[in-house]
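What the sequence shown shows, in the numbering used here, is residues 52 to 275, in sequence order. For reference, the structure discussed in these notes is given below.
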Amino acid sequence: MIELAPSILSADFARLGEQARAAGEGGATVIHVDIMDGHFVPNLTIGPPVVKSLRKVTQLPFDCHLMIENPDDYIPAFAEAGADWISVHQEACRHLNRTLHLIKSHDCLAGVVINPATPVETLSEVLDVADYVLVMSVNPGFGAQKFIPSTLHKMRRLVDLRSERGLNYRIEVDGGVAIDTVADVVRAGAEILVAGNAVFGKGDPKKNAQELLKAATEASLQRV
Ligand code: DX5
Ligand code: ZN
């Protein structure tokens, strides 16, 4: 099943609740929340208080993408604030197995993320622990960047590894997903589609979400 996870990074922060609701009305089933610390990535965004406030205005699950160093120090606070899914970067975790178990111990789904330069093979020992794997299709830090097509083979590889090993993780993609790239990521095997600029950049978020989901669903029917 294809799910759309709009990233509020590109939303109007003065109207976050309203924008999240509009995306939900357009068919989004998850809200993607980008957490940046100015160290792991060259940008700063939001912390647990914003997640807590947003929790009051939508029932949709929150997918908190931690682009931060020392994520173990902040996982409990995000879980407490209302995160449902929490993902951490392979590149930021010295003890990745421990960190994924820490996320699960807070009753959240545990995701692991790889940057464009990081091979899928670096995850081989944690694929049985992760609930989802997020393939970055841009270098993290900013919205509205150009999709990197050479990341597609990693989604295909994750599909193959999952069936070879009889695992259950889901495959998510983040970065540059828009009406002109969505068919490629879906055909490559992505099931959870993060989209920031394509949903909130211009026009009506509800309509944008609907169009993106429609294109994604059509592509999934053609998946080979
Ligand atoms: C990038 C973030 C993404 C970003 C995606 O560092 O992790 O979630 O918001 O934005 P778009 O869809 O605009 O590339
Ligand atoms: Zn993200």
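Beta carbons: idealized from backbone N, C-alpha and C, even for Gly.
Between LEU185 and GLU223, the C-beta gap is smaller than 8 Å, which places the two residues in contact.
The beta carbons of MET52 and GLU242 sit closer together than 8 Å.
By the C-beta density criterion, PRO93 is exposed, having fewer than 16 other C-beta atoms within 10 angstroms. Scanning the region 158 to 242 for uninterrupted alpha helix (DSSP H) segments of 4 residues or longer gives 203 to 216 and 233 to 239, listed from N- to C-terminal end.
Taking the C-beta atoms as reference points, ILE165 is found no nearer than 8 Å to ILE126. In this chain, the beta strand (DSSP E) harbouring ALA56 covers 54 to 57. For PHE193, the shortest separation between its Cβ and any heavy atom of the ligand DX5 lies below 7 Å. When secondary structure is reduced to three states using DSSP, VAL81 falls in the coil class, being assigned neither helix nor strand.
The continuous stretches of beta strand (DSSP E) do not include VAL250, and DSSP gives it neither H nor E. Distances from the alpha-carbon of ASP88 to those of HIS152, PRO122, ILE137 and VAL108 put PRO122 closest. Any heavy atom of the ligand ZN within less than 5 Å of a residue's beta carbon puts that residue on the list, which reads ASP85, HIS116 and ASP225. Beyond the five residues adjoining it in sequence on each side, GLY75 comes within less than 7 Å, by CB distance, of THR109 and LEU111 in the same chain, given in chain order. Assignment of ASP63 by DSSP, reduced to helix, strand and coil, places it in the coil class. Taking 8 Å as the cut-off, the Cβ atoms of GLU120 and HIS90 count as close. In the structure shown, PHE91 falls within a coil segment according to DSSP collapsed to helix, strand and coil.
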